[in-house]
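In what follows, a structure is listed as structure tokens, so that the remarks can point back to it.
Chains as they are written, first to last, in my numbering: chain A, 75 to 260; chain B, 226 to 328.
And the structure:
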């Protein structure tokens with residue numbers, strides 16, 4: 075029995091400590107995804123709570139041969155998409171204040187990370203979700219396809235388009251590779 | 226001189242991205258040195274890999290959030306509400322019968 079399966083069994087047995095453990099194990103991942111998708115802390119907290127309530131309601135249907143993480147993130151992805159569909163069309167970055175919400179960092183790496191964070195906010199919803207599931211949550215393209223209910227080929231296309239758009243936005247903002255590349259041999 | 230053509234370059238670049246491998250690989254670099262179009266694509270990929278690496282180090286995980294108490298509270302409340310509704314459903318037929326008798 076995997077750790078995931080043991081935890082789920084305890085949850086299904088009505089053990090409150092297990093339910094707490096499940097939330098504490100996945101809350102940072104779920105909240106981070108919700109926050110970057112929705113752009114507002116309050117909305118992200120509400121949706122993240124709903125994700126866990128749905129998780130508990132659906133636990134009996136979880137396939138114990140698969141990892142729990144992509145399954146919960148699939149619920150989170152669906153809830154985020156639903157929340158985005160239900161809200162008036164506004165920029166995700168509208169009130170996003172990452173200085174309050176992300177771990178502190180310093181120097182040039184912060185600048186580059188800040189530039190990318192800004193660019194990610196400007197991606198269209200599907201590209202942003204795909205990019206975050208791949209680079210933030212470390213899901214495979216196959217797992218993302220399951221989470222987003224689309225073919226794996228579509229995920230790869232979105233991932234490459236997201237990367238291309240992000241690179242273009244970084245270039246437009248004056249960001250260049252910080253390493254000299256000797257492309258032309260003598 | 227590069228040993229691969231543009232099609233092969235794009236295939237290898239795609240595979241590198243999807244497998245989370247560095248795009249700064251000799252075969253890709255060599256082709257980028259010889260091909261203007263692919264060089265632009267490759268430099269973008271290198272730029273983005275660097276940015277993603279910094280982003281993952283500094284911003285991947287947001288500061289702590291504590292949802293456990295509120296989730297468990299809402300879960301218990303929802304279960305109690307469901308029990309209450311079920312109890313109400315169970316009681317409904319007798320109320321119906323009583324109403325019928327009163328009429």
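Don't be surprised by glycine CBs; every beta carbon is placed ideally from N, CA and C. Fair warning: this is a prediction, and the values are worked out from it, not measured in the lab.
List the residues of chain B that residue 238 of chain A touches, going by C-beta distances under 7 Å, in chain order.
On the first chain, residue 238 of chain A is found 164 positions in, with the first residue counted as 1. Chain B residues near residue 238 of chain A: 269.
Inspect the CB distances between the region 226-243 of chain A and the region 266-278 of chain B and report whether three or more fall short of 8 Å.
Judged by Cβ distances under 8 Å, the region 226-243 of chain A makes contact with the region 266-278 of chain B, as three or more pairs qualify.
Under the rule that 16 or more other beta-carbon atoms within 10 Å means buried, what is residue 77 of chain A, buried or exposed?
On the first chain, residue 77 of chain A is found 3 positions in, with the first residue counted as 1. Looking at its Cβ environment, which holds fewer than 16 other Cβ atoms inside 10 Å, residue 77 of chain A is exposed.
Name the residues in the region 207-230 of chain A whose C-beta lies less than 8 Å from a C-beta of chain B; which are they?
Listed by position, the residues of the region 207-230 of chain A near chain B (Cβ gap below 8 Å) are 209, 210, 215 and 230.
Contact between the region 122-132 of chain A and the region 144-162 of chain A: three or more CB pairs below 8 Å?
Flag = yes, the region 122-132 of chain A and the region 144-162 of chain A touch.
Listed by chain order, chain A residues near residue 362 of chain B by CB distance under 9 Å:
What is shown of chain B runs 226 to 328, which leaves residue 362 of chain B out entirely.
For residue 240 of chain B, is the classification buried or exposed, using 16 other Cβ atoms within 10 angstroms of its Cβ as the cut-off for buried?
By one-based count along the second chain, residue 240 of chain B stands at place 15. Per the 10 Å Cβ criterion, exposed.
Hey, how far is the Cα of residue 87 of chain A from the Cα of residue 134 of chain A?
Within the first chain, numbered from 1, the residue matching residue 87 of chain A stands at position 13. Within the first chain, numbered from 1, the residue matching residue 134 of chain A stands at position 60. C-alpha separation (whole angstroms): 11 Å.
What does residue 250 of chain B touch in chain A if you count any residue whose Cβ is under 7 Å from its own?
If you number the second chain from 1, residue 250 of chain B lands on position 25. The contacting residues do not exist; residue 250 of chain B stays about 13 Å from chain A at best.
Any beta carbon from chain B within less than 8 Å of residue 123 of chain A's own beta carbon?
As a working mapping, residue 123 of chain A is identified with position 49 in the first chain. True, the Cβ-Cβ gap to chain B drops below 8 Å.
Under the three-state reduction of DSSP, which class applies to residue 106 of chain A: helix, strand or coil?
Position 32 of the first chain, counted from the first residue, corresponds to residue 106 of chain A. Correct three-state label for residue 106 of chain A: helix.
Look up residue 87 of chain A in the DSSP assignment and say whether it is helix, strand or coil.
As a first step, residue 87 of chain A must be located in the first chain, where it is residue number 13. DSSP places residue 87 of chain A in coil when its eight states are reduced to three.
Here's the rule: buried if 16 or more other CB atoms are within 10 angstroms of the residue's CB, otherwise exposed. What is residue 110 of chain A?
Position 36 of the first chain, counted from the first residue, corresponds to residue 110 of chain A. Label assigned to residue 110 of chain A: buried.
Specify the secondary structure class of residue 245 of chain B as computed by DSSP and reduced to three states.
By one-based count along the second chain, residue 245 of chain B stands at place 20. Here residue 245 of chain B carries a coil assignment [DSSP, helix/strand/coil].
Start and end of the alpha helix (DSSP H) containing residue 210 of chain A?
Within the first chain, numbered from 1, the residue matching residue 210 of chain A stands at position 136. No alpha helix (DSSP H) holds residue 210 of chain A; DSSP gives it neither H nor E.
Pick from A/159, A/225 and A/107: whose alpha carbon is nearest that of residue 209 of chain A?
Start at 1 with the first residue of the first chain, and residue 209 of chain A comes out as number 135. Nearest to residue 209 of chain A by alpha-carbon distance, out of A/159, A/225 and A/107, is A/107.
Could you round the C-beta distance between residue 244 of chain A and residue 193 of chain A to whole angstroms and report it? I think they count as a contact, below 8 Å.
Working through the first chain from its first residue, we reach residue 244 of chain A at position 170. Working through the first chain from its first residue, we reach residue 193 of chain A at position 119. Rounded to the nearest angstrom, the Cβ distance from residue 244 of chain A to residue 193 of chain A is 6 Å, consistent with a contact under 8 Å.
Checking contacts by CB at 8 Å: is residue 299 of chain B closer than that to chain A?
For the purposes of this step, residue 299 of chain B is taken as residue 74 along the second chain, with counting starting at 1. With 8 Å as the cut-off, residue 299 of chain B counts as an interface residue toward chain A.
Less than 7 Å between C-beta atoms, sequence neighbours within five positions excluded: which residues of the same chain meet that for residue 216 of chain A?
Position 142 of the first chain, counting from 1, holds the residue named residue 216 of chain A. Scanning its chain for C-beta atoms nearer than 7 Å, with the 5 sequence neighbours on each side dropped, one finds around residue 216 of chain A the residues 226, in chain order.
So residue 293 of chain B and residue 97 of chain A are in contact, right, with Cβ under 8 Å, and what is the actual spacing, rounded?
The sequence position of residue 293 of chain B within the second chain is 68, counting from 1. The sequence position of residue 97 of chain A within the first chain is 23, counting from 1. Rounded, the Cβ-Cβ distance is 4 Å, consistent with contact.
Per DSSP, what kind of secondary structure is residue 160 of chain A in: helix, strand or coil?
Here residue 160 of chain A refers to the residue found at position 86 of the first chain. In the structure shown, residue 160 of chain A falls within a helical segment according to DSSP collapsed to helix, strand and coil.
Since residue 132 of chain A is in the alpha helix (DSSP H), which residue starts that stretch and which ends it?
Position 58 of the first chain, counting from 1, holds the residue named residue 132 of chain A. Its alpha helix (DSSP H) spans residues 115-132.
Could you say which of B/245, B/243 and B/231 lies nearest to residue 253 of chain B if we only look at CA atoms?
The sequence position of residue 253 of chain B within the second chain is 28, counting from 1. The option with the nearest alpha carbon to residue 253 of chain B is B/231.
Between residue 243 of chain B and chain A, is the shortest Cβ-Cβ distance under 8 Å, so that the two count as touching?
Taking the second chain and counting its residues from 1, the one referred to as residue 243 of chain B is at position 18. Chain A has a Cβ within less than 8 Å of the Cβ of residue 243 of chain B.
Does DSSP put residue 292 of chain B in a helix, in a strand, or in coil?
By 1-based counting over the second chain, the position of residue 292 of chain B is 67. Residue 292 of chain B falls in the coil class under three-state DSSP.
Strictly below 8 Å CB to CB, what residues from chain A border residue 289 of chain B?
One-based indexing of the second chain puts residue 289 of chain B at position 64. Residues of chain A passing the Cβ test: 102.
Might you give, ordered along the chain, the residues of its own chain that have their beta carbon closer than 6 Å to the beta carbon of residue 199 of chain A, omitting 5 neighbours on each side?
In the first chain, residue 199 of chain A corresponds to position 125, counting from 1. Here the set comprises 158.
Looking at the secondary structure, which residues open and close the alpha helix (DSSP H) in which residue 251 of chain B lies?
One-based indexing of the second chain puts residue 251 of chain B at position 26. Membership of residue 251 of chain B in the alpha helix (DSSP H) is indicated by the continuous run 251-259.
If you run the structure through DSSP and keep just helix, strand and coil, what is residue 247 of chain A?
Numbered from its first residue, the first chain carries residue 247 of chain A at position 173. DSSP, read as helix, strand or coil, puts residue 247 of chain A in coil.
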